[in-house]
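What follows is a single structure, written as structure tokens, with notes after it.
Numbering (the numbering used here), first residue to last: 46 to 271.
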């Protein structure tokens, strides 16, 4: 296989990904993610085999998880650290293959969670948390945790974000990543469940919410970022 061209290595923006019209897929952080519901295990195996063949032909390889009743596919271009036209092309191919075997797109419950820690000692903390999670440190962030464990990032404490009187101290907070199309509904669901909006100044990149006791969480999307 020839090396990717410069155009195939160009990082796509969130609007680029949205314009591609990938109805089966969700844009989470720097990945495209899809889950396809399958009637039985044999159907899942058949889909995985076809996805594998398409990936080999394209020389572009996704992460694929097969369970009874579903196949989950994650796409990203590791060589450039984000999404490219290669991911969009393979996403379209995977959707077509899923349709061929009768697998149905099921994007419900797709998401990702990172943990952010306010600390003035980020590099030192990164080494500790990488050891605990069995991960590695890149640019003072903990990444590459085993699947199912969150990445961890660090930021200096900001007095502007200090808790209000009566709120609990804030050190950790989760970042919950959702597809841009789902973000406002997710925020509203949290508000309807008793949460409050702390700030939407940086939306659609993220909304800061608080639970009924004041513990904070960010609902994040890839949009509105530099």
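Glycine included, every Cβ here is placed at the ideal spot set by N, Cα and C. Remember, it's a predicted structure, so these values are computed and weren't measured experimentally.
C-alpha gap between residue i and residue j, whole angstroms
{"i": "residue 162", "j": "residue 202", "result": "9 Å"}
{"i": "residue 252", "j": "residue 90", "result": "39 Å"}
{"i": "residue 143", "j": "residue 106", "result": "17 Å"}
{"i": "residue 124", "j": "residue 211", "result": "47 Å"}
{"i": "residue 164", "j": "residue 220", "result": "16 Å"}
{"i": "residue 113", "j": "residue 269", "result": "37 Å"}
{"i": "residue 160", "j": "residue 218", "result": "6 Å"}
{"i": "residue 98", "j": "residue 86", "result": "19 Å"}
{"i": "residue 193", "j": "residue 118", "result": "15 Å"}
{"i": "residue 262", "j": "residue 158", "result": "10 Å"}
{"i": "residue 81", "j": "residue 248", "result": "30 Å"}
Supposed contact pair residue j and residue i - C-beta distance, whole angstroms, cut 8 Å
{"i": "residue 213", "j": "residue 63", "result": "With a Cβ gap of about 37 Å, residue 213 and residue 63 do not count as contacting."}
{"i": "residue 92", "j": "residue 116", "result": "5 Å"}
{"i": "residue 243", "j": "residue 264", "result": "The pair is not a contact, with the Cβ atoms about 11 Å apart (cut-off 8 Å)."}
{"i": "residue 148", "j": "residue 88", "result": "6 Å"}
{"i": "residue 240", "j": "residue 250", "result": "Between residue 250 and residue 240 the Cβ distance is about 19 Å, and since that is not below 8 Å, they are no contact."}
{"i": "residue 197", "j": "residue 222", "result": "In fact, because the Cβ distance is near 14 Å, the residues do not count as touching under 8 Å."}
{"i": "residue 59", "j": "residue 70", "result": "With a Cβ gap of about 13 Å, residue 59 and residue 70 do not count as contacting."}
Residue i in three-state terms, based on DSSP
{"i": "residue 170", "result": "helix"}
{"i": "residue 163", "result": "strand"}
{"i": "residue 132", "result": "helix"}
{"i": "residue 190", "result": "coil"}
{"i": "residue 183", "result": "strand"}
{"i": "residue 270", "result": "coil"}
{"i": "residue 231", "result": "helix"}
{"i": "residue 139", "result": "helix"}
{"i": "residue 56", "result": "coil"}
{"i": "residue 97", "result": "helix"}
DSSP bridge partner residues for residue i (one or two, in chain order)
{"i": "residue 108", "result": "119"}
{"i": "residue 74", "result": "None, per the DSSP bridge assignment."}
{"i": "residue 66", "result": "None; residue 66 has no bridge partner."}
{"i": "residue 154", "result": "None; residue 154 has no bridge partner."}
{"i": "residue 264", "result": "221 and 252"}
{"i": "residue 80", "result": "117"}
{"i": "residue 200", "result": "163"}
{"i": "residue 259", "result": "In DSSP, residue 259 forms no bridge with anything."}
Assigned exposure category for residue i - 16 Cβ within 10 Å defines buried
{"i": "residue 236", "result": "exposed"}
{"i": "residue 153", "result": "exposed"}
{"i": "residue 102", "result": "exposed"}
{"i": "residue 84", "result": "exposed"}
{"i": "residue 129", "result": "buried"}
{"i": "residue 166", "result": "exposed"}
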